[in-house]
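Each remark here refers to the structure printed beneath this line.
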């Protein structure tokens, strides 16, 4: 029965990649091993690296913005963890086809498999990096004498699914684009830098609403509010960051939770909507152009 189902899968389709699941597993394993092959600490860097960056950024931005957010380190690390998952997925998927040109010229395999393996490896790194978040939460739990962990933390599973699906579509789109337009790598770097400042990683979106109130009180147009809306509703990465923080950072708060930190059903609708829309775009553009890859790699 399973063999008949495999025969019905069209050549070059997205689902065909699962026929090569053994090779997919080998590629993912290889990527993970190569990343830390010559490193003394190995996989520990998946936890240590975000911890070190968190310490530096916490010191800098806590003084820079002076918002006095409770457990700012958890807030900051949560945002950066999600952002780096999407960014790393894009960076690795970008050259996944061109890097495997020799294999593609020798034998037939599903081309979808190469960006998929890179993105799956990035997801595993993302899971490892959660260890840094756990360490920080354990530290504050011991210092403050209360448990910061909550059953709400299980909601992260929903966020991980959305982020992975979005990253798949994003990766497919970038991978096929890079085959024909190698300069996309430099455009991507500039784009991701801009996105870093538009995803409320080291500041909170409430700053814009406070500014909007000041603009309104001064008799002006609340332009800051419009900018906040753009980030909240048109930036998929921020939507995933907001959900992630809701399940990790918000349960640690006591008293009134800031309105900008709360989520609703609309956040999940937008999150899954953007994820599957990006997947459809990525699969469509990749499938449409994959037959021409051999001419450009």
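Residue numbers (this note's numbering): 980 to 1276. Where a beta carbon is used, it is the ideal one built from N, C-alpha and C, also for glycine. All values derive from a computational prediction rather than experimental measurement.
One thing to note: residue 1090 has its Cβ within 8 Å of the Cβ of residue 1076. In the same chain as residue 1251, and ignoring 5 residues on each side of it, the C-beta atoms closer than 7 Å to its own belong to 1141, in chain order.
At least 8 Å separates the beta-carbon of residue 997 from that of residue 1266. C-alpha of residue 1190 to C-alpha of residue 1030: approximately 31 Å in a straight line.
Look at the region 1076–1108 and you find these whole runs of alpha helix (DSSP H), each 4 residues long or longer: 1080–1085. The residues 1029, 1033, 1111, 1112, 1115, in chain order, have a CB closer than 7 Å to that of residue 1056 in the same chain once the five nearest residues on each side in sequence are set aside. For residue 1225, the enclosing alpha helix (DSSP H) starts and ends at 1215–1227.
Around the beta carbon of residue 1063, 16 or more other beta carbons sit within 10 angstroms, so the residue counts as buried. Counting the other Cβ atoms within 10 Å of the Cβ of residue 1066 gives 16 or more, which makes it buried. Residue 1054 and residue 1107 do not touch by the CB rule: their CB atoms are close to 21 Å apart, not below 8 Å.
With a 10 Å radius around the Cβ and a threshold of 16 neighbouring Cβ atoms, residue 1133 comes out exposed. In the DSSP assignment, residue 1001 falls within the alpha helix (DSSP H) that extends over 1000–1014. When DSSP states are grouped into helix, strand and coil, residue 1153 belongs to the helix group.
Spatial neighbours of residue 1068 in its own chain (CB-CB distance under 6 Å, excluding positions within 5 residues in sequence) are listed in chain order as 1098, 1101, 1146, 1150.
Selection 1048, 1094, 1103 evaluated against residue 1061 yields 1103 as nearest (Cα-Cα). Under the three-state reduction of DSSP, residue 989 is assigned to coil, being neither helix nor strand.
A direct Cα-Cα distance of roughly 12 Å separates residue 1121 from residue 1128. For residue 1052, the enclosing alpha helix (DSSP H) stretches over residues 1051–1073. Under a 10 Å Cβ-count criterion, residue 1094 is classified as buried, with 16 or more other Cβ atoms of the shown protein chains found around its own Cβ. Between residue 1184 and residue 1239, the CB-CB gap stays under 8 Å.
Leaving aside the five residues that flank residue 1105 on each side, the residues in its chain whose CB is nearer than 6 Å to its CB run, in chain order, 1064. Take residue 1006, set aside five residues on each side of it, and the residues of its chain with a beta-carbon closer than 6 Å to its own are 1096, in chain order. Inter-segment contact for the region 1234–1249 and the region 1213–1221 is present: three or more beta-carbon pairs are separated by less than 8 Å.
Non-local beta-carbon contacts of residue 1230 in its own chain, meaning distances under 6 Å to residues more than five positions away in sequence, involve 1129, 1131 in chain order.
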